[in-house]
Amino acid sequence: MHICRGAPYILFFLMLIWVVPVRSLAYDAAANGPLATVELDFPDLRDAAREGRRVPIKVHVPQGDGPYPVIIISHGAGGNRDTHFAQARHLASHGYVVLAVEHTASNTARLKRGFRKAKNLREMARDPKAILGRPKDVGFAIDRAEAWQASHPRLGGRLDLGRIGVLGHSYGAYTSLTVAGARPALDWLEPAVPPGRGLGPDLHDPRVRCAVALSPQGPGEPFFHEDSYASLRIPVMGISGTRDRELAGNRPAKQRLEAFRLWPTQRGRNRFVWIDGARHVDFGDATGSGQRMLPSRTRKAVQPVVRAATLLYFDGLLKEDLAAWAQLSAAGLQPYLRDPVKWVKVFRR
Numbered sequence: 003m004h005i006c007r008g009a010p011y012i013l014f015f016l017m018l019i020w021v022v023p024v025r026s027l028a029y030d031a032a033a034n035g036p037l038a039t040v041e042l043d044f045p046d047l048r049d050a051a052r053e054g055r056r057v058p059i060k061v062h063v064p065q066g067d068g069p070y071p072v073i074i075i076s077h078g079a080g081g082n083r084d085t086h087f088a089q090a091r092h093l094a095s096h097g098y099v100v101l102a103v104e105h106t107a108s109n110t111a112r113l114k115r116g117f118r119k120a121k122n123l124r125e126m127a128r129d130p131k132a133i134l135g136r137p138k139d140v141g142f143a144i145d146r147a148e149a150w151q152a153s154h155p156r157l158g159g160r161l162d163l164g165r166i167g168v169l170g171h172s173y174g175a176y177t178s179l180t181v182a183g184a185r186p187a188l189d190w191l192e193p194a195v196p197p198g199r200g201l202g203p204d205l206h207d208p209r210v211r212c213a214v215a216l217s218p219q220g221p222g223e224p225f226f227h228e229d230s231y232a233s234l235r236i237p238v239m240g241i242s243g244t245r246d247r248e249l250a251g252n253r254p255a256k257q258r259l260e261a262f263r264l265w266p267t268q269r270g271r272n273r274f275v276w277i278d279g280a281r282h283v284d285f286g287d288a289t290g291s292g293q294r295m296l297p298s299r300t301r302k303a304v305q306p307v308v309r310a311a312t313l314l315y316f317d318g319l320l321k322e323d324l325a326a327w328a329q330l331s332a333a334g335l336q337p338y339l340r341d342p343v344k345w346v347k348v349f350r351r
C-alpha cells in the first residue's frame, strides 16, 4: 500500500524532469560556448532613407550552417561597435549571429571631438539625431540582416529572422527600451522637437521579440517620463547593481531598480537582475578587440553574472530552452559570483 500511494508522486516527479530538463552541472553559461566564431566588419553602411546616415556594423558569426537567432547590440554614449566585443563573441559562440551596431551620432569619434568630453557627452544625450536616431539604427541593422539572409555569400541562409533580440548598455539600454516600445521624453532635446514636451514618437520595432537593458534608466532627465514605460510591448530584462548610479542627474543606482515597477507585467517574462557592488563601467567588456577600456576593479567579478544572465534570458525566450529559463534565478546565478560580488537578486514581472 505504501508503494501504491507513492507511485503517483514518483510518476509526477519523473514527468517534471522530462518536461523541464536540468542543466548539467558542468554547463557554464558565463564561459564561451562550443562554436568557433568569425567577425565580418561593415564600416561604411549607409541608410538611404535617412540622408545616407552612416551605420557601421560588426557581425559576429558562429561556425555551422544555422540558422541562428539574431542579437543586435547597442553601445553606450561614446562607444563603438567593439565596446561589447567579448560579450558579442560569447553570444555568438553559443549559437547567435550578433550584429554590433555603431551609432555615429553618439560614438567614440564624437566623444573625442574638440577634446571636450564632458560637454560632448551632455550634448549627445540630448541630440535628437542621437535620441530619436538610435532605435532607427537598430531597425536599419535588421533591414541589412534581411538583405544578407537573402543573398550574402557568407551570411545567406544562416540567420533566423523570426527570433531577434536586442542588447544595450546605458545609452544602449535606452535604445533597447525604445525598440521594445518605451517612448522617449521630448522635454530635454536640444534643439527642441515639436511639441517640445511630453512623450515622443513610437520607435518600437515589431521584428524584435525580447530585449536586455544593461543599466536601464529610471524616469527623469534626459530620457524618460514615468509614463514612458507603459507602452513596452515585449519582454525585457534589466541588469544593474548597487553602485551603478545614474550619471545624468546624479541619481542613485537604486532608481534603476525602482523603475522596474513601471514596466507593464509580462507574466514573469520581465526580469531584473540586481548585482551587489556592480558599477556602471562593469557592464561592458571590449576584451579581444584591442580597444582600451575604462579601468574597474570589479568588472571581472560582474561580467560572469551579466553574461550568464544574458545568455539564459535569450536562450529561454528565443530558443525556448526551458532549462535555461529555469536557471535564470538568484539560485541559478549563484555559481557565477566572484569576489568582491557577494550576492545577486532576480525580480520578475
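What the sequence shown shows, in the working numbering, is residues 3 to 351, in sequence order. All C-beta atoms in this analysis are idealised placements derived from N, C-alpha and C, irrespective of residue type, glycine included.
Below 8 Å, too few C-beta pairs join the segment 106-124 and the segment 162-171 to call them touching: fewer than three. At a cut-off of 3 residues, the continuous stretches assigned as beta strand (DSSP E) that sit fully inside the segment 257-319 are 273-281. If you look at P130, you'll find it in the alpha helix (DSSP H) that goes P130 to I133. If the five residues before and after L314 are omitted, its C-beta is found closer than 6 Å to the C-beta atoms of A31, A326, Q329 and L330, all from its own chain and listed in chain order. Each of G66, P45 and Y176 was checked against the Cα of P58, and the nearest Cα belongs to P45. In its chain, beyond the 5 residues on either side, A288 have a beta carbon closer than 6 Å to the beta carbon of M295. Under a 10 Å Cβ-count criterion, W265 is classified as buried, with 16 or more other Cβ atoms of the shown protein chains found around its own Cβ. Per DSSP, the continuous alpha helix (DSSP H) segment holding S153 begins and ends at R136 to S153. E125: member of the alpha helix (DSSP H) spanning K119 to M126, first to last residue.
Contact check for G198 against R185 fails: the beta carbons are separated by 7 Å or more. Leaving aside the five residues that flank A132 on each side, the residues in its chain whose CB is nearer than 6 Å to its CB run, in chain order, A107, S108 and M126. Fewer than three pairs of CB atoms, one per stretch, sit closer than 8 Å, so the segment 177-193 makes no contact with the segment 92-100.
Distance between R160 and L37, taken at the CA atoms: about 14 Å. About 19 Å separates the Cβ atoms of T85 and V63, ruling out a contact at the 8 Å cut-off. If you compare the alpha carbons of A102, V72, P137 and Q219 with that of E148, the shortest gap goes to V72. For G290, same chain residues with a beta-carbon under 8 Å away, outside a window of 5 residues either side, are F87, A88 and R91 in chain order. Rounded to whole angstroms, the gap between the alpha carbons of F285 and Q336 is 18 Å. The segment 140-155 and the segment 186-195 do not touch, with fewer than three beta-carbon pairs separated by less than 8 Å. In the structure shown, E41 falls within a strand segment according to DSSP collapsed to helix, strand and coil.
Cβ atoms of D278 and V343 come within 8 Å of each other, at about 5 Å.
Going by DSSP, V181 is part of the alpha helix (DSSP H) stretching over Y173 to V181. Distance from the CA atom of R124 to the CA atom of A33, rounded to whole angstroms, is 36 Å.
DSSP links H62 through a beta bridge to E41 and V100.
Using a 10 angstroms sphere on the CB of D129, the tally of other CB atoms reaches 16 or more, which defines it as buried. Residue environment analysis places N252 among the exposed positions, since fewer than 16 neighbouring C-beta atoms fall within 10 angstroms of its C-beta.
The beta carbon of P306 sits closer than 7 Å to the beta carbons of A32, Y338 and R340 from its chain, once the five residues preceding and following it are set aside; these are given in chain order.
Setting aside the 5 residues that flank it on each side, W276 is surrounded in the same chain by L259 and K347, each with a C-beta closer than 6 Å to its C-beta; the list follows chain order. Distance check between P297 and each of V283, V304, A310 and V308 places V283 closest, using alpha-carbon atoms only.
Just so you know, the alpha carbons of L319 and Y176 end up roughly 21 Å apart.
Taking C-beta atoms as the reference points, V103 and S76 count as a pair closer than 7 Å. For the 7 Å CB-CB criterion, G240 and A215 form a contact.
For the options Q257, A79 and D162, the alpha carbon positioned closest to that of K114 is the one of A79. Excluding its 5 nearest sequence neighbours in each direction, R271 has C-beta neighbours in its own chain below 6 Å: P237, listed in chain order. In the same chain as A303, and ignoring 5 residues on each side of it, the C-beta atoms closer than 7 Å to its own belong to R340, D341, P342 and V343, in chain order. Spanning the alpha carbons of K256 and A187 requires a straight line of approximately 21 Å.
Exposure of L249 is indicated by the presence of fewer than 16 other C-beta atoms within 10 angstroms of its C-beta.
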